[in-house]
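Numbering (the UniProt record's numbering), first residue to last: 1 to 357.
Note that beta-carbon positions come from the ideal geometry of N, C-alpha and C, so glycine has one too.
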């Protein structure tokens with residue numbers, strides 16, 4: 001309600017100033033200044049320049065208030081090593097472009113006030129200056145090159161190859177949910193093929209691959225250990241989705257037909273973050289940030305950061321997919337003998353030999 005009241009007050013103030021401006025213009029015309037085109041009277045020029053200056057002051061105050069009011073919501077607590085690199089790059093860029101923006105806007109509105117039209121003033125003709133051209137071209141070029149280089153360095157670190165010891169978690173998006181797969185005790189994910197996807201085997205895992213026999217599919221939550229590298233292998237089953245973990249500053253698109261990946265190192269357990277935020281119900285969350293259809297809002301998966309020993313305990317308690325879905329193996333079993341009659345005769349012969357013995 002306070003915000004609405006402030007907005008309405010600002011709108012009302014602008015309306016009043018506009019009406020005062022129109023009254024001043026009409027008064028000038030009635031005083032005999034009809035030889036001027038409307039909008040070019042001394043009064044209108046003064047009013048316009050003052051309004052621009054007031055807009056600069058009011059807009060700056062509103063921006064500062066909005067920025068301060070949104071600070072906590074805009075800056076989610078940080079919980080990964082990679083997040084520090086991302087935040088550092090973001091705020092460096094924001095400070096540089098923020099300073100440039102403030103300087104240019106202040107000069108723009110100040111010049112509009114200072115150099116308002118006056119009958120006894122004539123503009124200075126200044127056609128060209130090579131030195132000035134070089135200065136205002138080279139300085140932005142150098143600053144932008146430095147920012148791009150810093151971004152490239154940060155991106156190179158973030159997208160570098162994950163350590164061999166990284167915990168592997170496969171995440172696949174589909175309309176409108178996430179699916180998750182862990183390797184079992186062998187530490188290797190089985191082969192997955194889109195042609196094998198059905199109502200039960202939604203990942204399309206090829207269970208003729210020995211590495212797939214202990215895979216853990218769709219646990220109720222994603223669990224990862226604190227202080228250890230975690231590699232997310234990301235896929236999509238239908239349209240473009242986007243894996244987003246805001247507290248880890250992690251965002252990577254899930255593109256159909258093009259597997260992607262992202263690795264990070266969690267630095268705070270879920271319990272530690274609950275203590276830090278003072279929110280006992282706090283949870284890390286994996287969300288989709290690509291509008292992928294009408295059910296986009298439902299693409300949410302909870303993520304828990306455990307101490308390493310708690311993570312190992314949780315992982316050991318998770319059943320392999322085929323334990324809960326043994327029927328899925330029938331699709332990958334060797335073909336039955338083609339001549340069932342011969343097979344039956346062989347069985348009868350074996351019984352006869354057994355009887356004679």
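Practice problem: May I ask you to verify whether the segment 264 to 275 touches the segment 79 to 86, counting CB pairs closer than 8 angstroms and requiring at least 3? | Solution: yes
Practice problem: With DSSP collapsed to three states, give me the class of residue 310. | Solution: In the structure shown, the three-state DSSP call for residue 310 is helix.
Exercise. Could you pull the start and end residues of the alpha helix (DSSP H) that residue 151 belongs to?
Key: 130 to 158
Quiz item: Which word fits residue 128, buried or exposed, when buried means at least 16 other C-beta atoms lie within 10 angstroms of its C-beta?
Solution: In the assembly as shown, residue 128 is an exposed residue. Its beta-carbon has fewer than 16 other beta-carbons within 10 Å.
Quiz prompt | residue 290 versus residue 111: straight-line alpha-carbon distance, rounded | solution = 43 angstroms
Practice problem: Taking only the alpha-carbon atoms, compute the straight-line gap between residue 96 and residue 138 and give it to the nearest angstrom. | Solution: One C-alpha to the other measures close to 16 angstroms.
Exercise. Report the option in 260, 184, 326, 175 whose CA atom is closest to the CA atom of residue 235.
Key: 260
Quiz prompt | residue 249, buried or exposed, once every other Cβ within 10 Å from all chains shown has been counted against 16 | solution = buried
Self-check item: Straight-line Cα distance separating residue 226 from residue 310
Solution: Taking the Cα positions, residue 310 is about 10 angstroms away from residue 226.
Quiz item: Are the segment 212 to 219 and the segment 176 to 193 in contact at 8 angstroms, needing three or more beta carbon pairs?
Solution: yes
Self-check item: Residue closest to residue 199, alpha-carbon to alpha-carbon, out of 327, 164, 268
Solution: 327
Practice problem: Take every Cβ of the segment 282 to 301, pair it with every Cβ of the segment 168 to 177, and state whether three or more of those distances are shorter than 8 angstroms. | Solution: yes
Quiz item: What is the DSSP secondary structure of residue 13, reduced to helix, strand or coil?
Solution: helix
Practice problem: Report buried or exposed for residue 162, applying the criterion of at least 16 other Cβ atoms within 10 angstroms of its Cβ. | Solution: buried
Quiz item: Closest to residue 63 by CA distance: which of 143, 48, 98, 242 is it?
Solution: Measuring C-alpha to C-alpha distances from residue 63 to each of 143, 48, 98, 242 identifies 98 as the nearest.
Practice problem: Kindly indicate which three-state DSSP category residue 170 falls into: helix, strand or coil? | Solution: strand
Practice problem: Report the three-state DSSP secondary structure of residue 182 (helix, strand or coil). | Solution: strand
Quiz item: Going by other Cβ atoms of all chains shown within 10 Å of its Cβ, with 16 needed for buried, is residue 160 buried or exposed?
Solution: Exposed is the call here.
Practice problem: Report the option in 144, 191, 15 whose CA atom is closest to the CA atom of residue 208. | Solution: For residue 208, the nearest C-alpha among the options comes from 191.
Quiz prompt | Residue range of the alpha helix (DSSP H) that includes residue 102 | solution = 81 to 114
Self-check item: For residue 155 and residue 141, the rounded distance between their alpha carbons
Solution: 21 angstroms
Quiz item: Span of the alpha helix (DSSP H) holding residue 270?
Solution: Note, residue 270: alpha helix (DSSP H), 270 to 277.
Quiz prompt | Coil, strand or helix - residue 223 by DSSP | solution = strand
Practice problem: Alpha carbon to alpha carbon, how far is residue 85 from residue 228? Give it in angstroms, no decimals. | Solution: Using only the alpha carbons, I get a separation of about 17 angstroms.
Practice problem: Mark residue 13 as exposed unless 16 or more other C-beta atoms lie within 10 angstroms of its C-beta, in which case mark it buried. | Solution: exposed
Quiz prompt | Expected contact under 8 angstroms - CB spacing of residue 358 and residue 170 to nearest Å | solution = Absent from the structure is residue 358, since the part of the chain shown begins at 1 and ends at 357.
Quiz item: Distance, Cα to Cα, residue 16 vs residue 56?
Solution: 18 angstroms
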